[in-house]
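All remarks here apply to the structure that follows.
There are 4 protein chains.
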Amino acid sequence: MSHIRSRFDKPPDELVVKYTSSLHFDWRLYSYDIRGSIAHARMLAKQGIISNEESNTLEKGLVQVAEEIEQGKFEFKPEQEDIHMAVEARLMDMLGDVAGKLHTARSRNDQVALDLRLYTKEAISETLGSIRKLQQTLIKLAEGNKNMIMPGYTHLQPAQPVLLAHHLLAYFEMLLRDFGRFEDCLKRTDVLPLGSGSLAGVAYNTNRQFLAEELGFSDVSRNSMDAVSDRDFVIEYMAAASVCMMHLSRMAEEIVLWSSAEFKFIELDDAYSTGSSLMPQKKNPDVAELGRGKTGRVYGKLMGLLTTMKALPLTYNRDLQEDKEGLFDTVDTLLSSLKVFSGMLDTLKFKPENMRQAVNQGFILATDLTDYLVCKGESFRNAHGIIAHLISYAVKNDKTLNMLSLDEYRKFSALFEADVQKITVESSIAARNVTGGTSLKQVEQAIKKAKEIACNL
Amino acid sequence: MSHIRSRFDKPPDELVVKYTSSLHFDWRLYSYDIRGSIAHARMLAKQGIISNEESNTLEKGLVQVAEEIEQGKFEFKPEQEDIHMAVEARLMDMLGDVAGKLHTARSRNDQVALDLRLYTKEAISETLGSIRKLQQTLIKLAEGNKNMIMPGYTHLQPAQPVLLAHHLLAYFEMLLRDFGRFEDCLKRTDVLPLGSGSLAGVAYNTNRQFLAEELGFSDVSRNSMDAVSDRDFVIEYMAAASVCMMHLSRMAEEIVLWSSAEFKFIELDDAYSTGSSLMPQKKNPDVAELGRGKTGRVYGKLMGLLTTMKALPLTYNRDLQEDKEGLFDTVDTLLSSLKVFSGMLDTLKFKPENMRQAVNQGFILATDLTDYLVCKGESFRNAHGIIAHLISYAVKNDKTLNMLSLDEYRKFSALFEADVQKITVESSIAARNVTGGTSLKQVEQAIKKAKEIACNL
Amino acid sequence: MSHIRSRFDKPPDELVVKYTSSLHFDWRLYSYDIRGSIAHARMLAKQGIISNEESNTLEKGLVQVAEEIEQGKFEFKPEQEDIHMAVEARLMDMLGDVAGKLHTARSRNDQVALDLRLYTKEAISETLGSIRKLQQTLIKLAEGNKNMIMPGYTHLQPAQPVLLAHHLLAYFEMLLRDFGRFEDCLKRTDVLPLGSGSLAGVAYNTNRQFLAEELGFSDVSRNSMDAVSDRDFVIEYMAAASVCMMHLSRMAEEIVLWSSAEFKFIELDDAYSTGSSLMPQKKNPDVAELGRGKTGRVYGKLMGLLTTMKALPLTYNRDLQEDKEGLFDTVDTLLSSLKVFSGMLDTLKFKPENMRQAVNQGFILATDLTDYLVCKGESFRNAHGIIAHLISYAVKNDKTLNMLSLDEYRKFSALFEADVQKITVESSIAARNVTGGTSLKQVEQAIKKAKEIACNL
Amino acid sequence: MSHIRSRFDKPPDELVVKYTSSLHFDWRLYSYDIRGSIAHARMLAKQGIISNEESNTLEKGLVQVAEEIEQGKFEFKPEQEDIHMAVEARLMDMLGDVAGKLHTARSRNDQVALDLRLYTKEAISETLGSIRKLQQTLIKLAEGNKNMIMPGYTHLQPAQPVLLAHHLLAYFEMLLRDFGRFEDCLKRTDVLPLGSGSLAGVAYNTNRQFLAEELGFSDVSRNSMDAVSDRDFVIEYMAAASVCMMHLSRMAEEIVLWSSAEFKFIELDDAYSTGSSLMPQKKNPDVAELGRGKTGRVYGKLMGLLTTMKALPLTYNRDLQEDKEGLFDTVDTLLSSLKVFSGMLDTLKFKPENMRQAVNQGFILATDLTDYLVCKGESFRNAHGIIAHLISYAVKNDKTLNMLSLDEYRKFSALFEADVQKITVESSIAARNVTGGTSLKQVEQAIKKAKEIACNL
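Next up, the structure:
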């Protein structure tokens with residue numbers, strides 16, 4: 014701090030120190046910062062900018078700082094603005110003058126960009142793993158409950174019978190797209206910014222390729238002004254996380270619905286429910302509700318950073334400091350949500366008889382009747398109209414479809430024959446035997462495919 | 014916790030505990046929680062639901078818990094879910110069975126609604142104070158620099174000369190609307206929810222009016238189902254905060270611009286600037302930049318809670334737990350921004366000669382020339398066209414307006430007379446002597462009015 | 014256009030014309046623009062800036078333009094940028110030179126601010142009316158179905174029995190706060206900006222008080238720079254609309270749930286449902302779903318304008334043109350949603366027997382049992398624990414509460430006596446006789462109060 | 014309509030028709046709808062579900078409907094809900110009963126998903142083209158102004174000299190990432206949903222692979238429930254568009270700044286500027302401002318759809334209808350912005366002398382002095398401190414660096430030698446000769462690379 018302010022006559026106002034400090038959140042970057050510094054020291058030595066001895070001294074010092082932090086012995090001082098200054102200050106205490114050489118051919122602008130990219134790469138990798146795990150849980154559930162039948166809904170109205178496994182695999186697909194988005198985000202994150210200096214590049218004979226290899230980056234940034242002011246990778250992570258949380262919120266909504274007394278399709282495990290302080294009978298799906306609620310938080314962070322970045326002139330502006338908290342919170346929220354949802358799904362019990370009962374009521378086979386008439390030669394639109402009138406008749410006479418006699422059927426179309434009464438929930442499901450359809454055969458193939466994708470790691 | 018879970022066979026999964034706990038942020042509500050509990054105990058005694066002695070015991074216990082927390086002696090245990098349970102558990106340890114009576118005629122649903130309203134009322138009151146303080150700083154600056162002239166901009170192009178004081182008072186007006194919005198928000202926050210039970214009201218002869226008086230509420234909620242699931246007051250605070258941060262972001266943008274080498278209208282105090290690790294010559298307006306950047310964060314929290322609340326069925330759902338962190342962060346961000354901006358403005362130095370120089374270049378008196386012709390009888394649109402051609406001529410001949418001879422003027426309109434050359438920056442400002450205009454007379458009145466509003470507290 | 018560009022050598026690029034034109038949406042402001050111009054002409058005449066004859070001519074011309082637009086005879090030309098230029102150009106055609114006088118002492122900046130405020134005032138007034146109407150529908154439903162009992166939910170789990178009327182009135186309360194927010198927004202919208210010129214005020218002896226009276230404004234803006242760049246009133250409308258749509262989305266969610274085959278609490282009228290192209294049996298709550306979905310649209314517009322306004326330096330910047338489309342869409346969406354929801358509610362049928370059946374299953378009287386023990390002297394927390402164990406026992410033995418014998422009750426607490434079996438859904442509701450509670454007496458009072466507020470217009 | 018409602022006793026309320034209709038915006042999908050229907054008819058014939066003759070009749074009818082729409086002869090009727098019904102109704106009029114066969118093995122749910130994917134694929138393709146074009150403009154400008162020097166800014170303070178070309182290429186890099194994101198989005202959009210039926214698949218022997226080939230899709234959806242309720246591809250387009258608009262907003266901000274009287278780095282072409290109604294001297298960067306302002310609109314649509322999708326249970330819900338308007342507006346806004354920015358950049362004039370002058374003032378070579386000392390053996394941190402004191406001295410003595418004598422230099426460090434005075438703006442730029450740095454050599458390579466990427470189409 015004192016170094017950086019050396020031109021100034023006054024220390025910063027105390028309010029300012031508090032307002033501008035990022036140490037209370039960016040300490041989380043310490044391990045990335047230290048990894049980056051070690052690689053930088055090695056590179057400086059390799060290029061003859063500092064001596065090998067100096068590099069070794071720096072590296073040992075940095076390792077020690079990391080240990081101190083991990084062991085809780087490191088003293089974070091609020092006036093040290095950020096983790097980079099905190100590490101450097103400790104290094105100065107420890108090593109004296111040689112510590113001052115570490116910042117050669119480097120600026121905080123490229124250093125912070127580096128740390129954040131290293132963090133984000135690791136976050137993406139953990140995210141991919143957690144998505145995969147939730148996918149595996151879904152596959153396990155689908156496979157283990159392969160013959161359960163439930164209503165498929167549109168507009169939350171029972172529309173056609175489907176296999177529960179088919180419904181579960183819809184979420185597998187959503188998560189597969191999420192997986193792809195995070196992989197794509199990784200490509201654009203996996204680029205070394207170090208060596209861009211403050212904004213213009215550095216005036217030393219550095220070796221950025223060596224740095225990239227040391228730090229495991231696939232590519233090196235191509236424009237220094239862009240490299241220090243680019244936070245696309247953070248926004249892209251947040252956007253992918255928003256979509257993923259949206260998927261979890263849909264799943265959460267269904268878990269809440271399915272746990273309700275009115276649906277009763279599932280029972281959550283005690284370990285994944287909570288009670289009420291006033292109503293002892295309650296078994297609340299709090300985990301699902303919280304996951305649904307946390308969607309707002311993740312969307313909000315995305316919106317926040319997009320807003321922060323809007324209309325900033327090049328290159329680095331202090332506004333960019335607002336990139337970290339939102340990202341950390343998004344990563345924490347997404348990872349914990351993915352994990353806790355895996356556990357919640359893995360432990361819940363389905364109630365097949367209730368699902369089946371929900372299938373039986375209503376006119377869930379209406380589409381099959383329409384298809385029946387089409388097969389007998391009626392045009393689709395006419396068939397649709399005929400079945401609509403038939404249902405209207407049944408509703409008015411308080412009958413379900415299987416209570417109708419063939420004569421009653423034939424009042425609406427002469428094409429109905431005795432085989433109309435062979436249409437069942439099972440036949441309905443079996444008939445939907447196209448790619449992506451809900452027939453058992455298709456679902457079994459889908460499970461097989463899903464296992465190839467998500468279980469052969 | 015054990016109490017609440019007593020129907021369950023299993024403890025919650027560890028991941029679930031971590032996922033659902035709010036103690037790490039809602040401990041901030043402890044003082045409101047304890048105030049609420051003391052009032053509740055008194056009410057229960059007053060109504061004969063518990064004895065006076067029990068009430069006294071509870072009150073003493075609660076006061077002690079508060080002290081333990083303030084003195085850092087209180088042990089927060091992660092498994093205690095939230096601040097309400099943490100306080101109650103400690104009370105149980107301390108007082109035994111009688112502590113169990115405190116929850117009579119109360120639910121966590123109305124309790125948490127109460128705590129959050131008490132917190133928000135206090136936050137609004139602090140916000141109003143901080144807005145007022147920034148307004149006072151603006152008045153002081155306006156009054157102390159009353160004769161400074163600067164370009165008034167549209168499209169960031171110099172348009173007409175204005176008094177710096179007039180420009181500063183524009184922000185006074187914005188903040189005045191902000192003040193009004195927070196006052197309006199207070200009306201709707203200042204309503205006691207306690208007594209609503211879980212959702213249906215309570216089955217005891219409670220006295221909600223007494224509670225309202227004890228806790229300083231002006232009104233009592235009129236519908237228990239609404240009362241436990243209403244978070245409008247939080248959203249309304251966040252919306253008002255978003256607009257206020259938007260105003261600060263505009264001010265921040267101008268401070269950044271005015272600090273630039275190209276404008277040089279101001280110099281920030283060393284205590285409100287920061288340096289660069291690589292470029293010692295820099296004096297960066299970090300505080301303004303951060304304030305501008307933090308606008309995104311505040312918008313994001315608003316969007317987050319709006320999203321969280323979307324489509325929640327009545328009444329309480331666990332999603333609502335997401336209300337607090339966003340609110341706390343918004344309050345902290347807004348209050349610290351208002352305070353640090355006051356300090357930054359109060360200590361900066363204007364550079365009147367640079368502002369004046371910026372006024373002199375260009376054709377900033379073009380509107381005055383148009384008005385001149387209108388006063389001589391030309392229609393406004395014709396006058397506008399004539400001046401446009403005149404300026405086009407001047408630009409092509411590389412002249413400023415005051416370099417033009419009367420003959421040159423008269424090439425464009427015979428209405429020009431010698432007095433056209435008396436049009437000056439000063440005459441331009443003086444002429445705008447309508448309510449809200451930039452003439453010194455109007456600005457002095459505006460300062461007087463502003464002082465009446467914001468300084469007579 | 015030609016007038017405004019007279020300094021330029023080139024016409025704007027065609028892409029630019031299309032990109033910058035606002036005529037395709039701001040034509041909606043024509044009536045406000047013309048009202049403003051008439052008032053302005055009268056003021057100019059009153060102050061002797063133009064003659065009475067000129068004012069009369071202008072006024073007649075403006076009235077004719079309005080008629081042409083209303084009768085669909087007006088030709089909107091894309092190159093006329095905006096409605097203000099379109100009206101002025103037509104006036105020029107019609108009246109010649111005198112039309113050029115109308116813009117005296119006025120700028121497009123204060124003109125557009127005026128038009129938008131006039132529009133918003135009218136929008137607020139319509140919004141207040143539509144909210145009131147929906148409140149009246151809720152009162153009517155509450156009053157007409159006063160004795161219907163339904164489960165009150167927390168976490169979408171039945172928690173305690175409530176009166177349907179009580180549930181409906183929760184929405185009355187939400188709408189009442191919405192009403193208040195729009196009224197508060199009106200105060201800050203009802204301020205005349207005209208007379209602020211481009212940014213600095215005008216150099217004519219105008220009479221802003223006269224303008225305010227002519228145009229029905231309660232107040233006159235106090236700072237010209239603020240007046241031309243302030244869009245707080247638009248954001249405030251959008252924020253209030255976002256909260257109101259959030260309320261409607263909650264109502265919509267419940268309508269969707271209650272229409273489901275699993276809940277069956279209501280049946281929507283055919284006129285407010287739609288069918289399916291493939292499944293003739295479906296009766297879909299599309300109106301409720303769309304209302305729920307449109308919440309996103311309204312939130313998005315709010316976020317959009319907040320973002321647009323972020324960090325704009327004073328005063329007018331072209332970015333501000335983005336204020337209108339979002340506002341228009343928000344007003345249209347909110348008004349149509351309020352209206353269509355009124356109709357949907359007014360025509361739906363409740364199914365009291367289904368609601369009642371939902372009340373009977375489960376352990377919805379658990380709280381009443383707890384309260385029972387507390388009245389017999391048990392502390393609340395102990396009572397809670399006892400009832401929790403009792404329910405656990407009942408669940409395991411597959412019994413409901415009213416299937417338990419007194420002996421079974423007494424296994425859990427000796428305090429249980431014969432009167433425990435008198436606890437019923439009705440007694441539960443009647444017991445919650447506190448302000449805001451669900452007892453019939455309280456609900457009747459709430460209805461009375463609601464009628465005083467919302468029906469005595 | 015009548016077909017779909019045939020079970021209902023009442024027509025929909027007029028308000029409902031207006032509220033639920035999407036025809037006024039989804040007519041834009043007509044060509045995709047008709048392409049999809051033609052492919053569907055061919056597939057039905059190929060599979061023997063309808064006859065070849067029927068298929069031909071349907072195809073001819075569909076081609077004619079398309080022509081009627083293109084020629085403005087098609088009558089859109091508001092009661093026809095959406096474009097799919099409008100096309101089908103016309104086909105019925107035209108062809109009678111056979112038209113009713115087109116909907117065999119298809120639902121509006123998979124039909125609308127298909128149309129929207131076809132539209133989005135085309136939108137992505139146009140977006141990629143427009144990004145490329147803007148990149149080419151940037152390359153052209155960079156190459157054509159290769160030797161211009163300007164200040165590189167951090168915190169809007171001049172920090173180090175850079176080549177203008179280097180600055181321009183930073184935007185090339187941003188756009189390159191945008192390009193990649195849209196390409197990645199395309200992968201997930203390029204999946205055929207048709208054949209999913211309402212939600213469960215279809216009960217006909219269809220051929221989805223044939224459909225995919227006919228319609229140019231690379232893949233076929235694997236889960237019907239997901240396929241009809243997935244709008245990830247729309248959100249992903251919007252997220253990529255938001256980041257791209259953010260980049261344009263940064264460029265816009267710089268154009269506004271650089272056009273200002275204080276910077277004067279550029280002059281916009283008359284065709285890309287607009288004037289003022291009141292101030293004829295103004296040449297306003299309206300296009301840049303509008304582009305910057307429209308960023309809010311694009312963010313808002315993203316937030317809107319994310320909100321709409323939140324917590325929707327599977328599968329199709331009417332809320333999804335809200336997907337289209339936001340997408341259309343986003344595509345229109347992004348494409349027009351990219352195009353108009355290309356034109357604006359292509360026609361603006363740089364003012365190299367003003368940029369150069371801005372470089373010369375201040376202490377822009379401070380970093381080079383620090384590097385100088387480091388090369389002489391000083392540690393970086395010490396060197397930083399020394400230069401800071403040197404600058405402090407210069408500021409107090411009102412001198413620039415090149416006004417300091419060697420003696421003055423040596424007061425601060427004995428390492429300074431005569432060659433310190435050879436440090437120039439040019440040497441500074443030349444020294445930054447690392448990958449991504451601003452040296453002419455690096456910039457020339459970057460231009461070459463950029464051309465390979467973006468010009469070899």
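Protein chains in written order, with our numbering: chain A, 14 to 470; chain B, 14 to 470; chain C, 14 to 470; chain D, 14 to 470.
Ideal placement from N, C-alpha and C gives every residue a C-beta, glycine not left out.
Since we're looking at a predicted model, the values are computed, not measured.
Rounded to whole angstroms, the Cβ separation of B/Leu-205 and B/Leu-228 is 6 Å, and the two are in contact under 8 Å. Of the residues D/Asp-26, D/Ser-237, D/Glu-280, the one whose Cα lies closest to the Cα of D/Asp-359 is D/Glu-280. Excluding its 5 nearest sequence neighbours in each direction, C/Leu-147 has C-beta neighbours in its own chain below 7 Å: Leu-188, Leu-351, Phe-354, Ser-355, listed in chain order. Within a 10 Å sphere around the beta-carbon of B/Phe-89 sit fewer than 16 other beta-carbons, which makes this residue exposed. Taking a contact as a CB-CB distance under 8 Å, the pair B/Leu-57 and B/Thr-117 counts as one, their CB atoms being some 6 Å apart.
When secondary structure is reduced to three states using DSSP, C/Met-161 falls in the coil class, being assigned neither helix nor strand. When DSSP states are grouped into helix, strand and coil, A/Asp-197 belongs to the helix group.
Between B/Val-447 and C/Arg-121 the beta-carbon gap is near 18 Å, outside 8 Å, which marks them as no contact.
The straight-line gap separating the alpha-carbon atoms of A/Lys-462 and B/Glu-94 is approximately 41 Å. Within chain A, no residue has its beta carbon less than 9 Å from that of C/His-179; the closest one is some 17 Å off. Among the bridge pairs identified by DSSP, B/Phe-363 is matched with B/Ile-279. For B/Gln-170, there is no enclosing alpha helix (DSSP H); the residue is found in the beta strand (DSSP E) stretching over 170 to 176. Annotated as proximal: D/Ser-209 and D/Val-241, with beta-carbon spacing under 8 Å. For B/Arg-305, the C-beta contacts it makes with chain C under 7 Å involve Ala-324, in order along the chain. At least one CB atom of chain B sits nearer than 8 Å to the CB of D/Leu-169. D/Leu-182 and D/Asp-282 have their C-alpha atoms some 22 Å from each other. The beta carbon of C/Leu-340 is closer than 6 Å to those of Val-247 in its chain, skipping five residues each way along the sequence.
Among the CB atoms of chain A, none fall inside 8 Å of the CB of C/Asp-381.
Counting every other CB atom within 10 Å of its CB across the protein chains shown gives C/Glu-267 a total of 16 or more, marking it as buried. Of all alpha-carbon atoms in B/Arg-119, B/Thr-346, B/Arg-145, B/Ala-54, the one lying nearest the alpha-carbon of B/Cys-468 is that of B/Arg-145. In the DSSP assignment, C/His-116 falls outside any alpha helix (DSSP H) and carries neither an H nor an E. At a Cβ-Cβ threshold of 8 Å, D/Tyr-312 and C/Thr-320 count as neighbours.
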